[in-house]
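> Before anything else, here's the structure in question.
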Amino acid sequence: MQIQDMIELMKQMKRNGISLVELESEGSRLRLEKPVHAETPGTAQAGEAEDTRRITAPAESPAVQPPVQDGQWITAPVVGVYYAAPSPEDDPFVQVGSTVEAGMTVCIIEAMKLMNEVTSHAGGVVREILVHDGQRVEYGQPLMRIGEAQ
Amino acid sequence: MKNKILAILKENPGSVSGNEISDRIGISRSAVWKHVGQLRRDGHQIEARTNRGYQLIREADILSAKTLSDALAAHGLADYIQAVEIVDETDSTNEMAKRAAAAGAPGRSLFIARYQTAGRGRRGYTWVSQADLNLTCSLLLRPEADAREMASATLFAGLCTAQGLNLLVDAQEERPFAGIKWPNDLIAKSSGKKLGGILTETAMEENRVAYLVIGIGLNLNQTHFPDDLAASATSLRLECDRPFRRLDILCAVLRRFQALEGLLLDRAAWIGSYRALLLTLGKTVRIVEQGRPAWIGQAVDLDEEGELVVLDARGQRQTVRSGAVSVRGLMGYHPTTL
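If you want it as structure tokens, here you go:
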């Protein structure tokens, strides 16, 4: 099995929510296990690099621990590219410190030319944004934290 | 009165005498003649022949609330389309649809403008369209779906639109006419130029789809394009050498959405039809993704979600999820270098 095949396998696991794959062929064995909490807020950098590390050290727990700050996380509803603004010429939907209302669009995630407008499910103030314009995001990846207004 | 005369002419595709018209609606023959003159000024092409009477050669391409509702009824779409908003001018029909969706418009609402001042393509690309020459419309759908189930909605929209075009054009030209450049550009197969595009947008609430807006822009009767587009853009009129009516195209496309909408989430049911129209596979492609240098490869397959699989220079399979994909031989792209 090539490294590319392993990466593809891990992508499919992530996409389909599979947490364990064991494979045996031609005398070699592969066990891919995804910790259940991998998609909870805090493992913001979950991506291919981290997955690759997990192959070599499957027993190791993720380096990044979930944060303990207050507020609600907005996570990526789909795999795609994160856009902070409606178009490259426009101002971002929100910045750290912006006040948002429930139902307001906070970013766009593009997947196969489908522009997904992500809305905030809570009102409050944007406390932190973990991703940057143009970044690839995975399903469930935390994008930004909405804290209570003062 | 002139609408009654137009209705009689439409009922009689051969020809109908001035006498018959004047008898049926109770006006004099000279009054019939005057109203026919008015219809001609409206753009209808009507021939008057001695001893034969009047014949409607071609109905005018008039887009109004009345002609639209008549056309929807005539094509069996009156029950499908739940609401219609038609305006002379708007920023973009997708913005119209999104504003209406936020205000609670029902699924299967149709938004149509005679002129778009700020038509949009992907990521702020502008879509230039001359008033009354082209079709610009958006369809609002409200599928009961999880966000991730919408992944191939763009492909679905491209399929319905291409099939609609082919239904209308092939019926008369007897050749496969439109194909698709992944994911959903509409391409005239004979010239490899772009006939139109689709911009699909959704709003997500808590990972559920609140609505799906499918914006369709098709070049119908435009015969001149700006220099920078001339090599890549075309219109139905340029390809087929005859004018087209916007309502005919619109209804043909909507009938495909009507037929296939129930299968939107069942990709396996339609992906084969999509592949059959796809012009990208087997071609050299150039990929421009954000945050990565442009690269060239061979488009070899679609994965099970409909994403494009490309072999890169080292023979590695790569999945393209976003970004711009140019295809050698289509839309004036003939790469020699990156």
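Protein sequences appear in the order of chains G and L. Take the first sequence: its position 136, counting from 1, is numbered 143 in my numbering, and each next residue is one higher. Take the second sequence: its position 8, counting from 1, is numbered 14 in my numbering, and each next residue is one higher. Idealized CB from N, CA, C, for every residue including glycine.
Note down the Cα distance separating glycine 82(L) from asparagine 190(L), rounded to an integer number of angstroms.
As a working mapping, residue 82(L) is identified with position 76 in the second sequence. As a working mapping, residue 190(L) is identified with position 184 in the second sequence. For glycine 82(L) and asparagine 190(L), the distance between alpha carbons rounds to 26 Å.
> Please report the straight-line C-alpha distance between alanine 80(L) and tyrosine 60(L), rounded to a whole angstrom.
Start at 1 with the first residue of the second sequence, and residue 80(L) comes out as number 74. Start at 1 with the first residue of the second sequence, and residue 60(L) comes out as number 54. The alpha-carbon atoms of alanine 80(L) and tyrosine 60(L) are separated by roughly 23 Å.
> Bridge partners for valine 399(L) per DSSP, in chain order?
The requested residue 399(L) is not part of the displayed model; chain L covers only 7 to 344.
> Would you list the residues sitting across from tryptophan 301(L) in a DSSP beta bridge?
Against the second sequence, residue 301(L) aligns to sequence position 295. In DSSP, tryptophan 301(L) forms a bridge with Ile293(L).
> Against chain G, does glycine 185(L) count as a neighbour if the rule is that its beta carbon must be under 8 Å from one of theirs?
Mapped onto the second sequence, residue 185(L) falls at position 179. False, the Cβ-Cβ gap to chain G never drops below 8 Å.
> Please confirm if glutamine 51(L) has its CB atom under 8 Å from at least one CB of chain G.
As a first step, residue 51(L) is located in the second sequence; it is residue number 45 there, counting from the start. So, not an interface residue.
> Once you ignore the five residues that flank methionine 151(G) on each side, which residues in its own chain have a CB closer than 6 Å to its CB?
Counting from 1 along the first sequence, the entry for residue 151(G) is found at position 144. Excluding sequence neighbours, methionine 151(G) sits near Ile81, Val133, Ile136.
> Within 8 Å, do at least three Cβ pairs link the stretch 204-223 of chain L to the stretch 99-107 of chain L?
Cβ pair count under 8 Å is three or more, so yes.
> Answer yes or no: do threonine 126(G) and glutamate 211(L) have a C-beta to C-beta separation smaller than 8 Å?
By 1-based counting over the first sequence, the position of residue 126(G) is 119. By 1-based counting over the second sequence, the position of residue 211(L) is 205. Contact flag set, yes.
> With glutamate 124(G) and glutamate 207(L) assumed to form a contact (beta carbons below 8 Å), what rounded beta-carbon distance in angstroms separates them?
Residue 124(G) sits at position 117 when you count from the first residue of the first sequence. Residue 207(L) sits at position 201 when you count from the first residue of the second sequence. Right, the Cβ-Cβ distance comes to about 6 Å (below 8 Å), so this counts as a contact.
> What did DSSP end up calling glutamine 169(L) once you bin it into helix, strand or coil?
Counting from one through the second sequence, the residue named residue 169(L) turns up at place 163. Glutamine 169(L) falls in the helix class under three-state DSSP.
> Lysine 199(L) lies in the beta strand (DSSP E); which residues open and close that run?
Position 193 of the second sequence holds residue 199(L). Element bounds for lysine 199(L): n/a, residue is neither H nor E.
> Output yes if chain L places a C-beta closer than 8 Å to the C-beta of threonine 126(G); else output no.
Counted from its first residue, the first sequence places residue 126(G) at position 119. Answer yes: the Cβ-Cβ gap between threonine 126(G) and chain L drops below 8 Å somewhere.
> Grab the span of the beta strand (DSSP E) containing arginine 273(L) for me, first residue to last.
Against the second sequence, residue 273(L) aligns to sequence position 267. Counting along the chain, arginine 273(L) falls outside any beta strand (DSSP E), though it belongs to the alpha helix (DSSP H) covering 273-283.
> Would glutamine 79(G) pass as a contact of alanine 156(G) if the rule is Cβ separation under 8 Å?
Walking along the first sequence from the start, residue 79(G) turns up at place 72. Walking along the first sequence from the start, residue 156(G) turns up at place 149. In this structure, glutamine 79(G) lies away from alanine 156(G), with their beta-carbon atoms at least 8 Å apart.
> Only counting the same chain, and skipping five residues up and downstream in sequence, which positions put a Cβ closer than 8 Å to that of isoleucine 52(L)?
Within the second sequence, numbered from 1, the residue matching residue 52(L) stands at position 46. Taken in chain order, the residues that qualify are Leu15, Val42, Leu45, Arg46, Tyr60, Gln61, Leu62, Ile63.
> Ordered along the chain, which non-local residues of its own chain (more than five positions away) have a Cβ less than 6 Å from that of asparagine 172(L)?
The residue given as residue 172(L) occupies position 166 in the second sequence. So the qualifying residues of the chain are Phe183, Ala184.
> If you compare alpha carbons, which of Met122(G), His139(G), Val144(G) is closest to methionine 156(L)?
Within the second sequence, the letter at position 150 stands for residue 156(L). Taking only the C-alpha atoms, the option nearest methionine 156(L) is Met122(G).
> Find the nearest neighbour of leucine 201(L) within the set Leu270(L), Ser34(L), Leu244(L), His340(L), judged by alpha-carbon distance.
Your numbering for residue 201(L) matches position 195 in the second sequence. The residue with the shortest Cα to Cα distance from leucine 201(L) is Leu244(L).
> Roughly how many whole angstroms lie between the Cα atoms of glutamate 91(L) and valine 259(L)?
As a working note, residue 91(L) is residue 85 in the second sequence. As a working note, residue 259(L) is residue 253 in the second sequence. Taking the straight line joining both Cα atoms gives about 17 Å.
> DSSP three-state label for glutamine 79(G), please.
Reading the first sequence from its first residue, position 72 is the one you call residue 79(G). DSSP places glutamine 79(G) in the strand class (E or B) of the three-state scheme.
> What does serine 158(L) reach in chain G if we use C-beta pairs closer than 9 Å?
As a first step, residue 158(L) must be located in the second sequence, where it is residue number 152. Those are Met119, Leu121, listed as they occur along chain G.
> Given a cut-off of 8 Å, decide if leucine 146(L) and glutamate 111(L) are closer than it, judged by their beta-carbon atoms.
Within the second sequence, the letter at position 105 stands for residue 111(L). Within the second sequence, the letter at position 140 stands for residue 146(L). For the record, residue 111(L) in the displayed sequence is alanine; it is not glutamate. It is a contact, given that the beta carbons lie within the stated cut-off.
> Give the residues of chain G in contact with leucine 249(L), contact being defined as C-beta atoms less than 9 Å apart.
As a working note, residue 249(L) is residue 243 in the second sequence. This sequence places proline at residue 249(L); leucine is not what is there. Chain G residues near proline 249(L): none, gap ~30 Å exceeds 9 Å.
> Considering only residues of the same chain and omitting the five flanking positions on each side of threonine 63(G), which have a CB-CB separation below 7 Å?
Here residue 63(G) refers to the residue found at position 56 of the first sequence. For threonine 63(G), the pLDDT reaches just 38, beneath the cut-off of 50, and the residue's location in the model is therefore unreliable, although a value from the coordinates is still provided. Cβ neighbours of threonine 63(G) beyond the five flanking positions: none.
> So what does DSSP say about methionine 102(L), is it helix, strand or coil?
Against the second sequence, residue 102(L) aligns to sequence position 96. Helix.
> Find the residues of chain G that neighbour glutamate 313(L), judging by a C-beta separation of less than 7 Å, and give them in chain order.
For the purposes of this step, residue 313(L) is taken as the residue at position 307 of the second sequence. Going along chain G in sequence order, the residues near glutamate 313(L) (Cβ under 7 Å) are Met119.
> Of all Cβ atoms in chain G, is any one closer than 8 Å to the Cβ of glutamate 5(L)?
Look at the range of chain L in this structure, 7 to 344, and you will see that residue 5(L) is not part of it.
> Going along chain G in order, which residues have a C-beta closer than 7 Å to the C-beta of proline 189(L)?
Locating residue 189(L) in the second sequence gives position 183, where the first residue counts as 1. Those are Met119, Lys120, listed as they occur along chain G.
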